[in-house]
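Participant: Below: one structure in structure tokens.
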Amino acid sequence: MTALLFGIIHTWLVVGFAPLITGVVRLTKARLQGRRGATVLQPYRDLWRLLKKESVVADSASWMFRLAPYGIFVAVWLAATTMPTFTTYMILTPAADLIALVALLATARFFTALAGLDVGTAFGGLGASREMFVASIAEPAMLTVTFSLSLVAHTTSPAAIANFVLGGHVGLQVSFGLALGALVMVAIAENGRIPIDNPATHLELTMVHEAMVLEYSGRHLALLEAAGMTRLLLYMSVIVCLFFPWGLAGPESGPGGLLIGLFAWLGKVLVMAVGLGLFESLIAKMRVFRVADFLGGALLLALLATIFLYVAEAV
Amino acid sequence: MIIGSVLGAFLLLGLLGIIFNRLPQLHALVYAGCMVLCAILVGDGVYHVLHAGREEIPAVVLPFGLPWLKAHFRLDNLSAFFLVVINFPGALTSLFGIGYGAHVPGARRVTPLYPLFLFGMNGVLIADDAFVFLVSWEFMSLSSWLLVLADHTNAEARKAAMVYLVMAAFGTFCLLPAFGLMAGHDGAYGFAQMRLAHLTPLAGGLVVLLALIGAGSKAGLVPLHVWLPLAHPAAPSHVSALMSGVMTKVAVYGLIRILFDLRGDISWKWGFVIMVVGALTAVMGVLYAMFQRDLKTLLAYSTVENVGIIFIALGLAAAFRDHGAMTLSALALVAALYHVVNHALFKTLLFLGSGAVLASTGERRLDRLGGLLNRMPVTGLTFLIGAAAISALPPLNGFVSEWLIFQSLFQGPTVAHWAMRFGVPVVGVAMALAAAFAGTCFVRAAGIVFLGRPRSPEATAAVEVPLSMQLAMAIPAVLCLGLGVFPVMVTAGIATVIEPLVGVQMPAALLGWPWLSPVSPTAGSYSATMVLLTAIGLTLTTVLVVHHWGSRRVRRAPAWDCGHPEQIVNAQYSADSFAQPLRRVFGSVAFGAEETVEMPSPGDLAPARFTLRMIDPVWDGLYAALLWLVNAIADRVNRLQFLTIRRYLLLMFATLIVLLLVVAVRQQ
Amino acid sequence: MPTTQMAYDTAHLIGATVLMMGFALLYQRRVTAVIRTYSFQAMALAAAAAWQAYVQEAPHLYVTALIALVFKGVIVPLALTWLVKRLGMHRTVETALGIGPTMIAGVGLVALSIVLVLPVTAGATSMTRENLALAMSVLLLGLLMMITRRNAVTQVVGFMALENGLILAAVGARGMPFVVEISIAFSVLVAMILFGIFFFRIRERFDSLDLAYLETFRGERQ
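Residue numbers (the working numbering), protein chains in the order written: chain A, 20 to 334; chain B, 201 to 868; chain C, 23 to 244.
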């Protein structure tokens, strides 16, 4: 029963906090660029405003176009629902492991790319093509990270990996460091952040994600934006849960433990958001065909993480 | 008994088809008959799978075949399982054929051969001696060869049939000595005697190698795959569905029968080899598929990929079994068979979809299609479901089998040898790449064909196909969802089927019913049922929230396209441009892809041209070289035709003396 | 004296950093970035040497660390950057084999060295084994870099990375004599090769060491 309750709280928590995190990233970047920047609450207002506007749908669009935003948002939300944030004790924790997480996000991407192709414009196709290109290398990298973690922890479930890390079996392991590096690179690519993609631009030939959703407006765009924000928070939560799970509450934790878990998660995620803003301000965007090297690097990093386990005889 | 009469009925249908060749209603009648017969076989197979272990395994000996052997038939769990896997898609393609079969090129040649093809495939499954197995195998090969050749006015189809015939003959040529080695000196060709035979390690290894080549060439294993993307698309679409979705499964059946039933002691090294070849096949197959411009060729290459994935799991199962990890072996084998079922379903669905598109537009080229979702809603929706399933997206069935294969791969380093320890992660990467590429490949296929604006007048004029064809696509689409949402029931069923082969029953759900957790309670779990229920809940919530607080107004307007919309339909992304980034990264190395752009000089009104050239490295590197070698040898041997009679006599005499010498030496 | 586990983990971590820098060298596309990455690798090597000096209580290793830090980590990179700028050399790395394939080959080499080293050193302590595996990987990556990159600078950097691998192996082996001497000798050798190649290249290209030719070449003077 408690597991169900925690599950429901968690479900709303990830959606509720996602715009805030995006707001923090944007504010950080604005401050670093010497602007005052909008408040951290601005993303909430943006979503609300979009929700209230009418939606303009292209003449050539099929039902796929109108259905896709719901599918995308639900797939991302569902993925976020199954990944632990403040406690591992949730009803849906065993419903999906890291492989399923990759696949759920792939579902969202499948819909996004199809929606990009649906209207039949050059920009939509360009975005869809590039998004699938990025994903074709990012997804295997993420699965390889899962592989190396599962070799150490003997599980693919993020909650169980978190417990393993909390149990102090890991120490200063190189493999974990490499896997973390690979996962961060994947997260940057999958969320369309600099240096892979620029979330702030609409009118640039290097854009990827924004090109696909170019035709969207109104409530459909609101859903897509919300999905993007939730995905960012989701990746941060996964990184926190797998590599820095300290404070994470378990089935036996009392109310105090839960509060600690909640604030620990929030604190870690906020630090990551500021870090992301800092990183994006420091680095320049990459050429599209450099992305293959970048993500190929992530893939090989994850593979090295696996190989290093044999050196350390951790398996 | 039932099976015997059904098989007889298949032959009869074929015969009727030949006799009443001119009858216009013939096509519908033959296909309807095939559908009923397949349905009966499915029912029989399901009955035997459900009653596995509780009854005698039915075995029959019939008084024909080799004089000292007679013909043995037997229906054990594995055969019954494959009976379902093969005849269910068979029934669907027959249903599709009722509306479709009369309109294919060379329909009068296709219809009588179709039941014979089904006969051959079913014969392989119930064979219990090498003779019946090989004869049925050849029956299957030859009837499908004739089906490929049905449109014999087409030069490409003739080339495809030629290559197919050579490869099929080569495959059988390898299987023959494999069975011969297992039968030993006494010529014990019954499977029952083969199970008891003891082979030297060398002979055992040779059997595995020959079986791998023989079955692999039929399944489309790289580098034996060259015939498959030529032959499968050349046949009429419902036959392509059978060849791709079903005949490759007969090959998988043959390999499982030899590796896991007839031979019990395969070294893990062979498992490793099979796994690595499977990984290579998966990656190469999907890379090829991604760059195809023809919808049916794309699907055929995707079959190569899925066969590779199945072989990865089979190799793992063999390696685990040799290592004594029986539960893991069972897990890998269950994963392989799950994928066999899934691929049979969605590949049939996708090929039928391509058949519907072909029937409606007459086009297979991706760049001549587009916007069909509005014009063919049922075909479009079912094709999208098939594409999502083959891309391994939850909650559909493709994801479950790939999840299981990943779970068993992650246990691979249990076999503590450095080749496995380093090989398994690399195979894991290959498998992950294949899965991700498959997603891209099918976004491209579905997106270019069904979404966007129509790229040709034929696509603009497309209409939906008849109801029977729609039904044939809707049933597998629903099953793709069903098999994805209730995976525990499927794995439990398959686990029973393979129990005699591995000796243990794989625990399907260690955490209780809806959670699929095969390895251990903590080692990761997946519950499609919960995922689907939650997804429904979240969708309802989202829709309620958006429609309660948001605006519900929709306005139709011309596409914005960043302010400069193009009216020309060719301004859309095409199939080639969609694949361009990946082609640039992988194509230049793997396929020698060369892009040339001819730009007219300023002021010149000639159109700019873009040409793309790609080669199949396996074809150019291996087969062309082989062909050259054969030609060179033939040239040398050719001289033998122009000798004098005295020299011919000399050759004969020399041969005779050499043979006599051999006999003399052997007798010493 | 730190605990054995702690010593082991930290050594492993620093060694892996050196190796990662070896990979980063292969990943770079600009010559200046290659030089900077090399500098980081040398600093990581210095850290490895210093840590071993602390763990093994062998003060002479501090000398090695100091050489790595000052000479390889600062002076050589600065000199190289200065030369690259001064000579107006190509700033892009010319590859004989693409970045992706090179890195895949690199991972293969790491796997190979692990497979080779682990059985050979079965009797040694885990710290030595691991250090040897890492050092051999670094060495092979340096060699790979020399083979697959065309620029003279990147070849020199590849050679120096290879040498870093040797030093890493030397500092990891407990009680290895002449470590300091070896590292000094190598450093001198590197310096000689470095300047030898540069003067050779300038002569080869312009038949003179007169910088005026360079300016003409760069289009600054017609």
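Built from N, CA and C at the ideal position, the CB exists for glycine as well.
1) Please decide whether A:Val184 counts as near chain D, where near means a Cβ-Cβ distance under 8 Å.
2) State the DSSP-derived secondary structure class of B:Leu399, mapped to helix, strand or coil.
3) For the segment 180-194 of chain C, which residues have a beta carbon sitting closer than 7 Å to at least one beta carbon of chain A?
4) Going by DSSP in three states, B:Tyr538 sits in which element: helix, strand or coil?
5) Can you find the residues in the same chain that come closer than 6 Å, C-beta to C-beta, to B:Leu430, ignoring five residues on each side of it along the sequence?
6) In chain order, what are the residue ranges of uninterrupted beta strand (DSSP E) at least 3 long that sit wholly in the segment 163-201 of chain C?
7) Mind listing the chain B neighbours of C:Val137? Cutoff is C-beta to C-beta under 8 Å, in chain order.
8) What does C:Ala133 touch in chain B if you count any residue whose Cβ is under 7 Å from its own?
9) So with Cβ pairs under 8 Å, would you call A:Met102 a contact of chain B?
10) I'd like to check one pair, C:Ile57 with C:Leu179: are the Cβ atoms closer than 8 Å?
11) What's the gap between the Cα of A:Thr126 and the Cα of B:Gly571?
12) Whole angstroms is fine: what's the gap from A:Val227's alpha carbon to A:Thr30's?
13) Report yes or no: do three or more beta-carbon pairs, one from the segment 456-470 of chain B and one from the segment 407-424 of chain B, lie closer than 8 Å?
14) Straight-line CA distance for A:Leu32 to A:Gln61?
15) If I measure Cβ to Cβ from A:Ala179 and keep anything under 7 Å in the same chain, skipping five residues before and after, which residues do I get?
16) Does the beta carbon of A:Glu271 come closer than 8 Å to any beta carbon on chain B?
17) Could you compute how far the alpha carbon of A:Leu396 sits from the alpha carbon of A:Ala208?
18) What residue from B:Pro721, B:Ala291, B:Gly301 has the CA that sits closest to B:Pro224's CA?
19) Would B:Ile736 be called buried (16 or more neighbouring beta carbons within 10 Å of its own) or exposed?
20) Is B:Val743 close to chain A, meaning its C-beta is less than 8 Å from at least one C-beta of that chain?
21) If you measure from the beta carbon of C:Met125 to each beta carbon in chain A, is any gap under 8 Å?
22) Candidates A:Arg68, A:Arg45, A:Met204: which alpha carbon is nearest A:Ala57's?
23) Taking 8 Å as the cut-off, decide whether the C-beta atoms of B:Gly217 and B:Thr293 are in contact.
24) Within the 8 Å Cβ cut-off, does A:Gly187 reach chain C?
25) Taking 8 Å as the cut-off, decide whether the C-beta atoms of B:Phe472 and B:Gly628 are in contact.
26) Hey, how far is the Cα of A:Trp284 from the Cα of B:Met235?
27) In whole angstroms, give me the CA-to-CA distance for B:Phe853 and B:Leu829.
28) Between C:Leu162 and chain A, is the shortest Cβ-Cβ distance under 8 Å, so that the two count as touching?
29) Figure out for me which residue from A:Ala157, A:Ala22, A:Val93 has the closest Cα to the Cα of A:Asn210.
30) Using the Cβ count rule (16 or more neighbours within 10 Å means buried), how would you classify B:Gly464?
31) If you drop the 5 nearest sequence neighbours on each side, which residues of the same chain put their C-beta closer than 7 Å to that of A:Phe327?
32) For B:Gly420, I'd like the list of residues in its chain whose CB is within less than 7 Å of its CB, leaving aside the five on either flank, ordered along the chain.
33) Counting only beta-carbon atoms, is A:Glu234 nearer than 8 Å to chain B?
34) For the segment 103-134 of chain A, which residues have a CB atom closer than 7 Å to at least one CB atom of chain B, in sequence order?
35) Please work out which residues of its chain come closer than 7 Å, Cβ to Cβ, to B:Ser344, disregarding the five sequence neighbours upstream and downstream, and give them in chain order.
36) May I ask you to list the residues that DSSP assigns as paired with B:Gly290?
Facilitator: On the basis of the coordinates in this document:
1) The structure shown contains no chain D; its protein chains are A, B and C.
2) Reading the second sequence from its first residue, position 199 is the one you call residue 399 of chain B. B:Leu399: coil per DSSP, three-state reduction.
3) Flagged: no residues at all.
4) As a first step, residue 538 of chain B is located in the second sequence; it is residue number 338 there, counting from the start. Three-state DSSP puts B:Tyr538 in a helix.
5) The residue labelled residue 430 of chain B in the question sits at position 230 within the second sequence. For B:Leu430, same chain residues with a beta-carbon under 6 Å away, outside a window of 5 residues either side, are Ala360, Val363 in chain order.
6) For secondary structure counted as the beta strand (DSSP E) over 3 or more consecutive residues, the segment 163-201 of chain C holds no complete run.
7) The count along the third sequence starts at 1 and reaches residue 137 of chain C at position 115. Under the 8 Å cutoff, chain B gives Trp618, Phe622.
8) Against the third sequence, residue 133 of chain C aligns to sequence position 111. What C:Ala133 touches in chain B: Phe622.
9) The residue you call residue 102 of chain A lines up with position 83 of the first sequence. Taking Cβ atoms only, chain B never reaches closer than 8 Å to A:Met102, which makes this a no.
10) Numbered from 1 along the third sequence, position 157 holds the residue referred to as residue 179 of chain C. Numbered from 1 along the third sequence, position 35 holds the residue referred to as residue 57 of chain C. Position check: residue 179 of chain C holds Val in this sequence, whereas Leu was assumed. Taking 8 Å as the Cβ cut-off, C:Val179 and C:Ile57 qualify as a contacting pair.
11) Start at 1 with the first residue of the first sequence, and residue 126 of chain A comes out as number 107. Start at 1 with the first residue of the second sequence, and residue 571 of chain B comes out as number 371. About 22 Å.
12) Residue mapping note: residue 227 of chain A aligns to position 208 of the first sequence, counting from 1. Residue mapping note: residue 30 of chain A aligns to position 11 of the first sequence, counting from 1. Linking A:Val227 to A:Thr30 through their CA atoms gives a straight-line distance of about 29 Å.
13) Contact holds between the segment 456-470 of chain B and the segment 407-424 of chain B, because three or more Cβ pairs, one in each stretch, are under 8 Å apart.
14) Here residue 32 of chain A refers to the residue found at position 13 of the first sequence. Here residue 61 of chain A refers to the residue found at position 42 of the first sequence. A direct Cα-to-Cα measurement between A:Leu32 and A:Gln61 gives close to 18 Å.
15) Position 160 of the first sequence, counted from the start, is the residue given in the question as residue 179 of chain A. The answer, listed in chain order, is Ala172.
16) Indexing the first sequence from 1 puts residue 271 of chain A at position 252. Judged by the 8 Å Cβ criterion, A:Glu271 is not in contact with chain B.
17) Here chain A has residues from 20 to 334 only, and residue 396 of chain A is not among them.
18) Taking the first residue of the second sequence as 1, we reach residue 224 of chain B at position 24. Measuring from the Cα of B:Pro224, the nearest candidate turns out to be B:Gly301.
19) Indexing the second sequence from 1 puts residue 736 of chain B at position 536. Exposed, by the Cβ-count rule.
20) Sequence index remark: in the second sequence, residue 743 of chain B carries index 543 (1-based). At least one CB atom of chain A sits nearer than 8 Å to the CB of B:Val743.
21) Counting from 1 along the third sequence, the entry for residue 125 of chain C is found at position 103. So yes, C:Met125 belongs to the interface.
22) Numbered from its first residue, the first sequence carries residue 57 of chain A at position 38. Minimum Cα distance to A:Ala57 is reached at A:Arg45.
23) The residue you call residue 217 of chain B lines up with position 17 of the second sequence. The residue you call residue 293 of chain B lines up with position 93 of the second sequence. No. Outside cutoff.
24) As a working mapping, residue 187 of chain A is identified with position 168 in the first sequence. So, not an interface residue.
25) Here residue 472 of chain B is taken as the residue at index 272 of the second sequence, counted from 1. Here residue 628 of chain B is taken as the residue at index 428 of the second sequence, counted from 1. No Cβ-Cβ contact shorter than 8 Å links B:Phe472 with B:Gly628.
26) Against the first sequence, residue 284 of chain A aligns to sequence position 265. Against the second sequence, residue 235 of chain B aligns to sequence position 35. For A:Trp284 and B:Met235, the distance between alpha carbons rounds to 59 Å.
27) In the second sequence, the residue the question calls residue 853 of chain B occupies position 653. In the second sequence, the residue the question calls residue 829 of chain B occupies position 629. Those two C-alpha atoms are separated by around 29 Å.
28) As a working note, residue 162 of chain C is residue 140 in the third sequence. Not an interface residue.
29) Within the first sequence, numbered from 1, the residue matching residue 210 of chain A stands at position 191. Out of A:Ala157, A:Ala22, A:Val93, A:Ala157 has the C-alpha closest to the C-alpha of A:Asn210.
30) As a first step, residue 464 of chain B is located in the second sequence; it is residue number 264 there, counting from the start. Counting Cβ neighbours within 10 Å, B:Gly464 comes out exposed, since fewer than 16 surround it.
31) Here residue 327 of chain A is taken as the residue at index 308 of the first sequence, counted from 1. Taken in chain order, the residues that qualify are Val193, Ser194, Leu197.
32) Residue 420 of chain B sits at position 220 when you count from the first residue of the second sequence. Excluding positions up to five away in sequence, the list reads Leu428, Thr448, Thr503, Val504, Val507.
33) In the first sequence, the residue the question calls residue 234 of chain A occupies position 215. The beta carbon of A:Glu234 falls within 8 Å of a beta carbon belonging to chain B, placing the residue at that interface.
34) Here the close residues are Leu111, Pro113, Ala114, Ala115, Asp116, Ile118, Ala119, Ala122, Leu123, Ala125, Thr126, Phe129, Ala132, Leu133.
35) In the second sequence, counting from the first residue as 1, residue 344 of chain B sits at position 144. In its chain, beyond the 5 residues on either side, Phe317, Met443, Met447 have a beta carbon closer than 7 Å to the beta carbon of B:Ser344.
36) Position 90 of the second sequence, counted from the start, is the residue given in the question as residue 290 of chain B. Bridge partners of B:Gly290: none, in fact.
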